[in-house]
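Chains as they are written, first to last, in the working numbering: chain P, 1 to 368; chain Y, 369 to 736; chain Z, 737 to 1104; chain X, 1105 to 1472. We put the CB at the ideal spot given by N, CA and C, even for glycine.
Number of protein chains: 4
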Amino acid sequence: MRIGILTSGGDCAGLNAVILAVVRRAVLGYGWDVVGIRQGTHGLLQRPPATIPLNDYVNNDGMLRLGGTILGTINKGNPFHYPMPDGSFADRSDEVIAGYEALGLDALIGIGGDGSMAILRELAQKGGINLVGIPKTIDNDLAHTEYSVGFTTAVNVAVDAMDRLQPTAASHERIMILEVMGRDAGHIALFAGIAGGADVILIPEMDYDLEDMAQHCLNIRKRGRNHALVIVAEAIKTDKGDIVTSGHDGQKAVYGGVGHWLAEKLGERTGWETRVTVLGHLQRGGTPSPRDRLIASTFGVHAVDLIAQQKFDRVVAWQQRRVVDVPMADVITGPRLVDTGETMVSTAIGLGAYMGTPPMVKKTAKTV
Amino acid sequence: MRIGILTSGGDCAGLNAVILAVVRRAVLGYGWDVVGIRQGTHGLLQRPPATIPLNDYVNNDGMLRLGGTILGTINKGNPFHYPMPDGSFADRSDEVIAGYEALGLDALIGIGGDGSMAILRELAQKGGINLVGIPKTIDNDLAHTEYSVGFTTAVNVAVDAMDRLQPTAASHERIMILEVMGRDAGHIALFAGIAGGADVILIPEMDYDLEDMAQHCLNIRKRGRNHALVIVAEAIKTDKGDIVTSGHDGQKAVYGGVGHWLAEKLGERTGWETRVTVLGHLQRGGTPSPRDRLIASTFGVHAVDLIAQQKFDRVVAWQQRRVVDVPMADVITGPRLVDTGETMVSTAIGLGAYMGTPPMVKKTAKTV
Amino acid sequence: MRIGILTSGGDCAGLNAVILAVVRRAVLGYGWDVVGIRQGTHGLLQRPPATIPLNDYVNNDGMLRLGGTILGTINKGNPFHYPMPDGSFADRSDEVIAGYEALGLDALIGIGGDGSMAILRELAQKGGINLVGIPKTIDNDLAHTEYSVGFTTAVNVAVDAMDRLQPTAASHERIMILEVMGRDAGHIALFAGIAGGADVILIPEMDYDLEDMAQHCLNIRKRGRNHALVIVAEAIKTDKGDIVTSGHDGQKAVYGGVGHWLAEKLGERTGWETRVTVLGHLQRGGTPSPRDRLIASTFGVHAVDLIAQQKFDRVVAWQQRRVVDVPMADVITGPRLVDTGETMVSTAIGLGAYMGTPPMVKKTAKTV
Amino acid sequence: MRIGILTSGGDCAGLNAVILAVVRRAVLGYGWDVVGIRQGTHGLLQRPPATIPLNDYVNNDGMLRLGGTILGTINKGNPFHYPMPDGSFADRSDEVIAGYEALGLDALIGIGGDGSMAILRELAQKGGINLVGIPKTIDNDLAHTEYSVGFTTAVNVAVDAMDRLQPTAASHERIMILEVMGRDAGHIALFAGIAGGADVILIPEMDYDLEDMAQHCLNIRKRGRNHALVIVAEAIKTDKGDIVTSGHDGQKAVYGGVGHWLAEKLGERTGWETRVTVLGHLQRGGTPSPRDRLIASTFGVHAVDLIAQQKFDRVVAWQQRRVVDVPMADVITGPRLVDTGETMVSTAIGLGAYMGTPPMVKKTAKTV
């Protein structure tokens, strides 16, 4: 047997731990060969396909601790709708499938998020690829798994930032705003907001009122707290009801963003000095947390076991402290948003944080 | 309303985060008073009872990040079987209950593990105390909750140690042995072993064979890995079938222990240089991980909400990324051991680690 | 004896460690009283002056680990040139001195940077205050001391960010730009650039050429490195020779900044995808590094010893791994810039980093 | 040109950063080849000598962050007095020199401590090797350099442990004892003791009295501090005047040690509950601190520059925040002990820590 593995979409912490687990299980447990495909589906468009033999990584513990992905994950576009030099789009899926076939693989493990997984599944169905998916996304917005690889590390980075901002906020009596990732789903802001002691937590799933928020900050001051911590996802509504996003993943760097917009609004309304920090790419990289390594390891081992059992078109998942697998079709149904009735929201509000009010009706996004 | 809170048993990271969450929910949400009882039930034996008013902590974010417990948790003994100066034991439960009554509290939140919770429940039933329990234990061996406060931080400390030991093991071509806590249940060793890349993981729940273990290490060497990492819980069997423990929590410091015993045995059998590190109390203290703060926060808020609903004799718990509550009677049934058929064990073995074989038949413990 | 202590200017890590050391030395060693003055000289404008008795902090180890300053350090302005509500400026130095006199202190320890120290000295000379200075600044730009309190932690935060950015840069084959503090002096960028493996290090003290820098990045790519790391201080020259700054400490949050400006320029010239991270206030707060605590402790103890010896108008300093003291007049002579002939610069260039060419002739700053 | 590099003696954090700096300077700056020699002088006894070509590491940033040494550093013994299988000792220096000559190198960079450096120098003088030394030792006991590679990371690990032990000590009202490395020189204990807030700091260079120490702890309790932190180097005197050591680097794991011995003595005299943690090998491994990477980088670059200038028999060193070089003969004169009149000692005592009294007259060491 000979299996392939690729990483797709934005990188995150724990991808190399998944790769190590796959290699260890496949090589030590089954005696298979493992081939790494470079740069997601982009590597399959190369001739010959761009690959790395992975068996020799079996002894490489460093992979557990190494951020990013040794396979690379540059994104040149959806192969079914591939941007061409002349500005048009082409269906290059046949080329990708031919690339895959040229490798003589028995199965493919695709590590990706919602979007990547949907494309990989489409390729698998068209090309007869034996596909198993492993969920990764710092946003943790995949359905049917409590955790995706990369989320816990992203939360830790955000909490670490909150821990640094709190003392300086108190020393200078300021409102400190931390902008974190989460374009559709606010899981990072919510988890990190609770663990980091935020006074205001703004997520895409919930509506808010600038006046109420400002009043909440003033009330906090009144009860003797000389500073406030705000955590905000990268996409929230404006006071006009438009959605504002910071566009980190866009084609070019964006000047300004949600955090700065909010700082201005909140500063005006409270008379309080405000400062903004945008975490950005710090959330993606770096050594994965123990939790992410653990989840990555269970996912990698289980994915190989699924292949051994010839169970394809499935995605591994984490439920009730166990690894399970679910149909891929169930996972690619769009982002799992924060359930505004869930524990995390009630906890945040129970701790005295301002979160606004659900539900938010989505409008067209506007990048500030 | 006026509620009390105490911490009992060994300290761990996240206790102060629980206290903060309780204070914030009770004071901001319900307008109650919160009284901290010092040193577990020991504080209730003082006259007047030793307490700290906690309402003013409502603005103290630092509690989120502060290890240990501001309430203290020295353990002078079970009030139902209290060790007296003359060497005898006395039932001092009535004194504890009288101390509690003197405080004029409407309810009590007890933060503790298996053993503490059982004693608190007995006191509550005898004294008519409205009790709600919050599970904490670095060993994570409480039933009906996926996580207890303190476990994740303890695992992180152990993984951090593994990360430091691996490069020096490789540089010197050694077997490095890390001894971690877990007298009855091996959850720390198992989680940290996977996340830290252990080649051998020994837990109280599983039997092992020294010759097999040594052979496993030699096989690893044969496949080109120049070092090995071993993680071992503080209580495992000897080669004679006796249970060996390191006795960290005993009355006096113990010379030697499980790790050193194993180092000698493994060194003899492999001819490999071995070194031992005993993590000990490092696992208890320090800043709680974001995960522990999050769980602590949900637990604290929910415990207060239970009191508001007059739901007593219950323990808050974490299940499927939600906070729930379960009958206290269900939780104090003894340690939840590692299920040797579960994901973590199959993952560890799938990664190529040696774990021995279940089940272990318990014999009398012997401290080496 | 009764001594006062205040913190002035931007906060940084290690201020509370200084305060703890002063209290321990003064209380345990000399039996004096220590009075904390709130909010720098602002606290002395209050009636009565805003103070905190500090003797009871003698047992508070937590101060060693606590970021920011418990005394606060809001900056309302130079008392000799104080901004009044009507937009005018007033000399309020007599009020500050009167506030100080009202406290009945025998000496004052002022913890501050270049600017704060100059103002405190002017006040001391006018009011006959027995002043000893302790240098703190994340920028490390004070003369006659190898290190000021706060610098090492700021560098560590920046290196931590570099460590997170490198794997994601490699995974996506990008140029990652990290903007750090340092308006006049580039010590943070230089130290963190070396320790974090930067390919380009831009500091205010050195000139550069955008075309050369872009060529350097392309050369790196040619030699097989698929990404580049750039670290840039918050104030550098534009390609027109103007100085660009990010204005973090200005009155309002600034949209954009040096990093984003550079990303655009470098992206255009290399065709390489660029991403920007602005560290901002993360560099100030959080638990001080062991080194900062060590320096803070030696500074605090030595400052009290100077008072005991009636040696005033001096600043403690760190030279050759020893604490010394120097005349305050020597320290307030303006920022100590990076010496472009020094070890750090030659090391960075020796490692293959692009740093441009000295010297830079200063022009008028322009905030982008 | 073609230069060799080897690491010798116990590993520490920052060795790979030195190697990276040497490679970058030699390859990018001078166009030389760099050959890594495996396992110190042991690699030169192999036929052919065990080596790794290092030029390709020029792009490997990971080396900055990787603990240990990729070259390995197993110690089989001094080649001038090499332990033979029959128990005798042989002079194998000619074989080592022949191995070196077989590599056709123009110069050798030896990274090591006091002992390794002396042996390398003897080899160099006998074999006409162009040698440059780079100081590394977690103990920081090399003369003429303020810092050696590895020291700062070791201190950080120890302070991190102190930070974890303090909250649990306070929660349980205990004396916590941390045993750190330092057989001859107590720099780690001293630096970490100050930065970590130790109440007692014991180092090999200073004498102490158990009764005084116990009284100091009782006095601390009297002033309202409910716990005490003790940091102790691995070799101190007993109450009989014998020197006790923990023998970590001996041939076999040792049961017990200095920390446990002290715990018993101190517990008996104070009636206070004591607990011990032995840091051991945790101090060696893991990601180097930014400071260690910085020093490693300046050392590596400067060592190559010395070779380019044909300056041999010299050791690079750190003085006054500059890299310099000194004659190797000056460095190998034995360990640089803590100067009991220096800043660190007076700071520790000034903070209220018990350190005993200098000087200690050395007696024969006895391993407990």
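For Arg-857/Z, the first and last residue of its enclosing alpha helix (DSSP H): From DSSP, the alpha helix (DSSP H) with Arg-857/Z extends over 850-863.
Opening and closing residue of the alpha helix (DSSP H) in which Gly-1239/X lies: The displayed chain sequence assigns Pro, not Gly, to residue 1239/X. Annotation for Pro-1239/X: no alpha helix (DSSP H) segment contains it, though the beta strand (DSSP E) segment containing it runs 1235-1239.
Per-residue burial, Ser-1192/X [other beta carbons within 10 Å of its own, 16 or more giving buried]: Exposed.
Under 8 angstroms by beta carbon: chain Z residues contacting Leu-66/P: Those within 8 angstroms of Leu-66/P in chain Z are Pro-903.
For Arg-1379/X, the residue or residues it bridges with in DSSP: DSSP links Arg-1379/X through a beta bridge to Met-1280/X.
Residue-level contact to chain B via CB, Ser-1252/X, 7 angstroms cutoff: No chain B is part of this structure, whose protein chains are labelled P, Y, Z and X.
Proximity of Ala-185/P and Leu-337/P at Cβ, strictly below 7 angstroms: Yes, they are a contact pair.
Chain-ordered residues of the segment 65-97 of chain P with a beta carbon less than 7 angstroms from chain Y: Correct list: Arg-65.
Short CB-CB distance (under 7 angstroms) between Gly-1135/X and chain Y: Using a Cβ-Cβ cut-off of 7 angstroms, Gly-1135/X does not count as an interface residue toward chain Y, since no Cβ of chain Y sits closer than that to its own.
DSSP beta-bridge partners of Lys-222/P: Looking at the DSSP assignment, Lys-222/P forms no beta bridge with any residue, so it has no partner.
Closest by C-alpha distance to Asp-830/Z, when choosing among Thr-777/Z, Ile-913/Z, Ile-1043/Z and Gly-918/Z: Among Thr-777/Z, Ile-913/Z, Ile-1043/Z and Gly-918/Z, the Cα nearest to that of Asp-830/Z belongs to Thr-777/Z.
Residue from Gly-43/P, Asp-305/P, Ala-329/P and Thr-277/P whose Cα sits closest to the Cα of Arg-164/P: Across the set Gly-43/P, Asp-305/P, Ala-329/P and Thr-277/P, the C-alpha of Thr-277/P shows the shortest separation from the C-alpha of Arg-164/P.
Cβ shell of Asp-1195/X (< 6 angstroms), same chain only, five flanking positions each side left out: Only Phe-1184 meet the Cβ criterion.
Cutoff 7 angstroms: Arg-961/Z Cβ touching any chain P Cβ: Not an interface residue.
Burial state of Gln-1045/Z, where buried means 16 or more other Cβ atoms lie within 10 Å: Answer is exposed; the Cβ neighbour count stays below 16.
Selection of the segment 659-671 of chain Y by Cβ proximity to chain P, strictly under 7 angstroms: For the segment 659-671 of chain Y, which is checked against every Cβ of chain P, the residues closer than 7 angstroms are Arg-659, Arg-661, Leu-662, Ser-665, Thr-666 and Val-669.
Test item: CB-CB of Pro-1071/Z and Thr-889/Z under 7 angstroms: No; because the gap between Cβ atoms is not below 7 angstroms, this pair is not in contact.
Per-residue burial, Asn-577/Y [other beta carbons within 10 Å of its own, 16 or more giving buried]: Per the sequence shown, the amino acid found at residue 577/Y is Asp instead of Asn. Asp-577/Y should be labelled exposed.
4-residue-minimum alpha helix (DSSP H) runs that sit fully inside the segment 252-337 of chain P, ordered along the chain: Along the length of the segment 252-337 of chain P, whole alpha helix (DSSP H) runs at least 4 residues long occupy 258-270, 290-308 and 328-331, reported in chain order.
CB contact flag (Ala-685/Y, Thr-513/Y, <7 angstroms): Yes, the Cβ-Cβ distance between Ala-685/Y and Thr-513/Y is below 7 angstroms.
is_contact[Leu-790/Z, chain P] using C-beta, thresh 7 angstroms: No, Leu-790/Z lies away from the interface with chain P (no Cβ there is under 7 angstroms from its Cβ).
Runs of beta strand (DSSP E) wholly within the segment 740-806 of chain Z (minimum 3 residues, chain order): Here the runs fully enclosed are 769-773 and 787-789.
Sub-7 angstroms separation of Tyr-468/Y and Leu-412/Y beta-carbons: A contact, by the Cβ cut-off of 7 angstroms.
Interface positions of the segment 275-287 of chain P facing chain Z (Cβ-Cβ less than 9 angstroms), listed along the chain: If you check each beta-carbon in the segment 275-287 of chain P against every beta-carbon of chain Z, the ones closer than 9 angstroms belong to Arg-275, Val-276, Thr-277, Val-278, Leu-279, Gly-280, His-281, Leu-282, Gln-283, Arg-284, Gly-285, Gly-286 and Thr-287.
C-alpha gap between Ile-236/P and Met-355/P, whole angstroms: C-alpha of Ile-236/P to C-alpha of Met-355/P: approximately 12 angstroms in a straight line.
Neighbour-count burial assignment, Gly-618/Y, 16 or more Cβ in a 10 Å radius: In this predicted model, Gly-618/Y has a pLDDT of only 38, less than 50, meaning its place in the structure is not dependable enough to derive any value.
Contacts that Arg-532/Y makes with chain X (C-beta to C-beta distance below 9 angstroms): Against chain X, a Cβ distance below 9 angstroms from Arg-532/Y picks out Ala-1117, Gly-1171, Val-1261, His-1385, Leu-1386, Gln-1387, Arg-1388, Gly-1389, Gly-1390 and Thr-1391.
Closer than 7 angstroms to chain X by CB, Asn-866/Z: With respect to chain X, the C-beta atom of Asn-866/Z has no partner C-beta closer than 7 angstroms.
Residues bridged to Arg-2/P (per DSSP): Per DSSP, Asp-33/P.
Ala-511/Y - DSSP class collapsed to helix/strand/coil: Coil, per DSSP.
Chain Z within 7 angstroms of His-42/P, Cβ atoms only: At a cut-off of 7 angstroms between beta-carbon atoms, His-42/P makes no contact with chain Z.
Alpha carbon of Ala-143/P to alpha carbon of Gly-36/P, nearest angstrom: Going from the Cα of Ala-143/P to the Cα of Gly-36/P covers about 26 angstroms.
Contact list for Leu-764/Z against chain X, beta-carbon separation under 7 angstroms: Simply Gly-1456.
Positions along the segment 1289-1304 of chain X whose CB lies within less than 8 angstroms of some CB in chain Z: Close to chain Z, meaning a Cβ-Cβ distance shorter than 8 angstroms, are the following residues of the segment 1289-1304 of chain X: Phe-1295, Ala-1296, Ile-1298, Ala-1299, Gly-1300 and Gly-1301.
Given Asp-313/P as reference, the closest of Arg-223/P, Ile-119/P and Met-162/P once Cα atoms are compared: When each option's Cα is compared against that of Asp-313/P, the closest is Ile-119/P.
Where Tyr-1312/X falls: helix, strand or coil (DSSP): Judged by DSSP in its simplified three-state form, Tyr-1312/X adopts coil rather than helix or strand.
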